[in-house]
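Participant: Residues 32 to 583, numbered by my numbering, are exactly what the sequence shown covers, in order. After the structure tokens below, expect a handful of questions from me.
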Amino acid sequence: MSRKAKQKKRQTKYLFVVGGVMSGVGKGITSSSIAKLLQARGLSVTAIKIDPYINVDAGTMNPTEHGECFVLADGLETDQDMGNYERFLNVDLPANNYMTTGSVYQAVIEKERNLGYGGRNVQVVPDIPEETIRRIKKAGELAEADVVITEVGGTVGEYENILFIEAIRMMKSEDPDSVGVVMVSYLPVPGSIGEMKTKPTQHAVRTLGNSGVQANIIVARSPLPIDEKRKEKIARFCNVHPEDVISAPDLESIYDIPMNFEKEGLSTRLCGMLKLPCKSKIDLSDWNRFVRKSKNGKDTVKIAVVGKYFNSGDFVLSDVYISVLEAIKYSAYKLGLKPEITYLSSQSFTDKKALKVLKEFDGVLVPGGFGKTGIEGKLNVIEYVRKNKIPYFGICYGMQLAVLEYAKNVLKLADTSTEEINPKARNLVVAVMEEQKDKIAVGDMGGTMRLGQYETILKDKTIVKEAYKKKEILERHRHRYEVNPEYVEVLEKKGMIFSGTSPDGSLMETMELPREKHPFFVGVQYHPELQARPLDPHPLFTAFIKASYESE
Ligand code: GLN
32 MSRKAKQKKR QTKYLFVVGG VMSGVGKGIT SSSIAKLLQA RGLSVTAIKI
82 DPYINVDAGT MNPTEHGECF VLADGLETDQ DMGNYERFLN VDLPANNYMT
132 TGSVYQAVIE KERNLGYGGR NVQVVPDIPE ETIRRIKKAG ELAEADVVIT
182 EVGGTVGEYE NILFIEAIRM MKSEDPDSVG VVMVSYLPVP GSIGEMKTKP
232 TQHAVRTLGN SGVQANIIVA RSPLPIDEKR KEKIARFCNV HPEDVISAPD
282 LESIYDIPMN FEKEGLSTRL CGMLKLPCKS KIDLSDWNRF VRKSKNGKDT
332 VKIAVVGKYF NSGDFVLSDV YISVLEAIKY SAYKLGLKPE ITYLSSQSFT
382 DKKALKVLKE FDGVLVPGGF GKTGIEGKLN VIEYVRKNKI PYFGICYGMQ
432 LAVLEYAKNV LKLADTSTEE INPKARNLVV AVMEEQKDKI AVGDMGGTMR
482 LGQYETILKD KTIVKEAYKK KEILERHRHR YEVNPEYVEV LEKKGMIFSG
532 TSPDGSLMET MELPREKHPF FVGVQYHPEL QARPLDPHPL FTAFIKASYE
582 SE
């Protein structure tokens with residue numbers, strides 16, 4: 032059968048994942064795990080995230096509030112859940128698969144301005160849900176998917192996501208057999224009574240019912256596994272079969288979740304419910320091998336991640352750098368090592384006396400960042416690891432600051448800075464690109480960065496080339512500034528190697544120090560972490576972890 036004919040025959044089904052009771056209980060990982068299971072049943076699966084914010088994309092949101100900004104290959108700035116889907120499914124997802132309230136409204140308004148509605152009243156309902164449905168169906172077409180999994184952000188009963196719930200209702204009423212709804216709920220076990228309570232879940236399912244949508248599967252998130260008695264109780268009061276209540280206790284690792292769901296028979300329930308053309312046997316062998324490896328590491332490799340977004344009130348956030356942390360883990364697992372990752376706040380290194388703590392680590396990574404806060408500390412860290420030959424991996428800002436540190440301390444350039452830190456400095460070794468200047472001048476900051484996938488050409492006999500084992504690579508970007516070409520020659524004269532550039536040679540994409548001088552000192556202008564996958568660890572992270580483990 033030709034591909035076209037196959038696609039014609041394929042009847043795409045739609046699965047929605049909504050939240051009940053409270054947020055932050057793992058809807059994204061649940062969606063990713065369900066997607067993984069269905070993929071392992073031989074289905075073509077794609078995933079969508081709906082964020083109920085007015086922000087048009089995730090690029091303008093503060094990471095301490097919203098977590099990491101995950102950039103897709105085609106450049107859209109999205110929510111970190113898109114990263115989870117890509118990592119679990121091992122696929123690249125297109126911009127179509129991420130939407131916010133803002134982006135949906137923007138499309139509807141643009142269409143209206145272009146007379147796209149032929150002069151009729153344009154209304155919140157049905158036009159907003161219809162634009163949402165259009166995108167969901169398009170995702171199915173783009174991926175030639177048997178099933179499209181759509182995670183609706185927030186929890187049921189909020190003002191914010193009601194129009195997206197309405198989209199589910201409209202799709203379900205049009206074709207009830209091709210739409211399923213999973214509610215990820217939370218079952219508290221209050222310390223004072225020590226018993227798992229189902230009532231909040233009952234209320235959440237009823238709230239969803241008020242919008243005309245019945246949950247088909249209830250994922251019972253809780254510190255503990257749910258027992259049969261409570262499964263039956265939920266089934267009776269929430270109109271589902273007891274087998275459709277899925278136990279989802281806290282587990283040691285998020286990568287255990289697909290298997291845990293499978294033990295509950297989830298993929299079979301879903302395939303039956305949506306009449307999906309799935310294979311009778313699930314194949315999770317690669318995944319299980321990865322999970323096993325992740326638990327069997329013998330030696331430890333200690334990595335410090337020095338960032339500025341770790342603290343929020345009394346809490347330490349690691350979500351901001353989730354892709355970086357996962358990328359470190361995958362490479363360590365691949366090498367049979369146990370990663371021990373420590374988050375260090377760059378502000379604490381303003382005082383140089385604090386730097387000696389870095390000696391306790393095998394490697395130091397400075398991830399991407401923005402603005403002036405914490406810069407002094409980061410520069411001190413970079414100087415220290417360069418001089419003390421501690422393996423260093425600088426990502427985006429981490430590369431720009433490595434260049435600045437070199438200009439200051441090795442080239443001894445006076446009055447040097449990056450344009451982001453001090454635009455008035457005489458020697459700007461990192462500067463804004465010409466084409467971005469006009470946009471920034473009028474305060475139009477959204478989407479003005481260099482975003483998405485670009486090609487880099489790697490030079491022979493360099494650390495990066497040896498790591499990738501190829502000459503041309505594609506990596507994802509998210510930055511406004513670049514190494515200033517005017518300083519490349521002087522930096523190179525003093526030993527810095529720009530080992531990867533844009534195809535025309537004008538943009539410095541990677542830098543390194545010669546291996547005779549330092550065991551591993553590498554910076555990249557792009558974000559390699561965005562393409563690291565459990566089943567396909569990133570070669571540069573692997574090279575960094577290996578060098579960290581091997582260096583004294
Ligand atoms: N702030 C720097 C720039 O905009 C680096 C960005 C980043 O690290 N993602 O160029």
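Positions of the beta carbon are idealized from the N, C-alpha and C atoms, including for glycine. These figures come from a predicted structure and were not determined experimentally.
For residue 324, which residues in the same chain have their Cβ closer than 8 Å to its Cβ, ignoring the five residues on either side in sequence?
Facilitator: The residues are 364, 365, 367.
Participant: Is any heavy atom in the ligand HEM found nearer than 7 Å to the beta carbon of residue 431?
Facilitator: Absence of the ligand HEM from the depicted structure is noted, with the ligand GLN being the only ligands included.
Participant: Please classify residue 144 as buried or exposed, where buried requires at least 16 other C-beta atoms within 10 Å of its C-beta.
Facilitator: Counting Cβ neighbours within 10 Å, residue 144 comes out exposed, since fewer than 16 surround it.
Participant: Consider the C-beta atom of residue 401 and the heavy atoms of the ligand GLN; say whether any pair is separated by less than 7 Å.
Facilitator: Within the cutoff, so yes.
Participant: Near residue 261, which residues of its chain fall below 7 Å by C-beta distance, leaving aside the five closest residues on each side in sequence?
Facilitator: The residues are 227, 229.
Participant: Would you mind sorting residue 301 into buried or exposed? The rule is 16 or more other CB atoms within 10 Å of its CB.
Facilitator: Buried.
Participant: Over the uninterrupted beta strand (DSSP E) stretch that includes residue 459, give me the two end residues.
Facilitator: Run containing residue 459: 458–463, per the beta strand (DSSP E) assignment.
Participant: Given 8 Å as the limit, is there contact between the stretch 551–569 and the stretch 353–360, that is, 3 or more CB pairs closer than that?
Facilitator: Because the criterion of three Cβ pairs below 8 Å is met, the stretch 551–569 and the stretch 353–360 touch.
Participant: What are the boundary residues of the beta strand (DSSP E) that includes residue 304?
Facilitator: Per DSSP, residue 304 belongs to no beta strand (DSSP E); it is in the alpha helix (DSSP H), 297–304.
Participant: Kindly identify the DSSP beta-bridge partner or partners of residue 528.
Facilitator: DSSP lists 543 as partners of residue 528.
Participant: If you measure between the beta carbons of residue 557 and residue 506, is that distance less than 8 Å?
Facilitator: Contact flag set, yes.
Participant: Determine whether the beta carbon atoms of residue 76 and residue 103 lie at a separation below 8 Å.
Facilitator: Contact flag unset, no.
Participant: Just how far apart, CA to CA, sit residue 242 and residue 85?
Facilitator: In a straight line, the C-alpha of residue 242 is about 22 Å away from that of residue 85.
Participant: Determine the direct distance from the alpha carbon of residue 192 to that of residue 150, and round the result to whole angstroms.
Facilitator: Straight-line Cα distance between these residues: approximately 28 Å.
Participant: Going by the CB atoms, is the gap between residue 435 and residue 447 shorter than 8 Å?
Facilitator: It is a contact, given that the beta carbons lie within the stated cut-off.
Participant: How about residue 449 and residue 512: are their beta carbons less than 8 Å apart?
Facilitator: Yes.
Participant: Under the criterion of a Cβ to heavy atom distance below 7 Å, does residue 436 qualify as lining the ligand GLN?
Facilitator: Incorrect: residue 436 has no Cβ contact closer than 7 Å to the ligand GLN.
Participant: For the beta strand (DSSP E) that contains residue 214, what are its first and last residues?
Facilitator: From DSSP, the beta strand (DSSP E) with residue 214 extends over 210–217.
Participant: Can you grab the Cα-Cα spacing for the pair residue 116 / residue 101, in whole Å?
Facilitator: Going by the C-alpha atoms only, they are around 11 Å apart.
Participant: Do three or more CB pairs link the stretch 294–308 to the stretch 245–260 at distances below 8 Å?
Facilitator: Yes: the two stretches touch, three or more of their Cβ pairs being nearer than 8 Å.
Participant: What's the C-alpha gap between residue 56 and residue 280?
Facilitator: When rounded, the distance between both Cα atoms is 10 Å.
Participant: Mind checking whether residue 240 and residue 54 have CB atoms under 8 Å apart?
Facilitator: Result no, Cβ atoms of residue 240 and residue 54 do not sit closer than 8 Å.
Participant: Please find out if some non-hydrogen atom of the ligand GLN comes closer than 7 Å to the beta-carbon of residue 569.
Facilitator: No, the Cβ of residue 569 stays beyond 7 Å of every heavy atom of the ligand GLN.
Participant: Does the ligand GLN have even one heavy atom less than 7 Å from the beta-carbon of residue 480?
Facilitator: Yes; taking the cut-off as 7 Å, the Cβ of residue 480 has a heavy atom of the ligand GLN nearer than that.
Participant: Roughly how many whole angstroms lie between the Cα atoms of residue 182 and residue 78?
Facilitator: Taking the straight line from one Cα to the other gives about 8 Å.
Participant: Out of 197, 524, 180, 255, which one is the CA nearest neighbour of residue 67?
Facilitator: That would be 180, whose Cα lies nearest to the Cα of residue 67.
Participant: By how many angstroms is the C-alpha of residue 190 removed from the C-alpha of residue 253?
Facilitator: If you take the alpha carbons of residue 253 and residue 190, they lie about 25 Å apart.
Participant: In the DSSP assignment, find the unbroken beta strand (DSSP E) run with residue 513 in it and report its ends.
Facilitator: Residues 512–514.
Participant: How big is the Cα-Cα spacing for residue 43 and residue 299?
Facilitator: C-alpha separation (whole angstroms): 17 Å.
Participant: For the ligand GLN, is there a heavy atom less than 7 Å away from the beta-carbon of residue 423?
Facilitator: Because no heavy atom of the ligand GLN lies under 7 Å away, the Cβ of residue 423 does not count as near it: no.
Participant: To the nearest angstrom, how far is the alpha carbon of residue 162 from that of residue 500?
Facilitator: Computed Cα separation, rounded: 44 Å.
Participant: State the beta-bridge partners of residue 505 as determined by DSSP.
Facilitator: Bridge partners of residue 505: 486.
Participant: Can you tell me which of the three DSSP states residue 370 falls into?
Facilitator: Looking at residue 370 - three-state DSSP - the assignment turns out to be strand.
Participant: Give me the Cα-Cα distance between residue 61 and residue 72, rounded to the nearest whole angstrom.
Facilitator: Computed Cα separation, rounded: 17 Å.
Participant: To which residues does DSSP link residue 395 through a beta bridge?
Facilitator: Per DSSP, 335, 423.
Participant: For the ligand GLN, is there a heavy atom less than 7 Å away from the beta-carbon of residue 511?
Facilitator: Yes, the beta carbon of residue 511 sits closer than 7 Å to at least one heavy atom of the ligand GLN.
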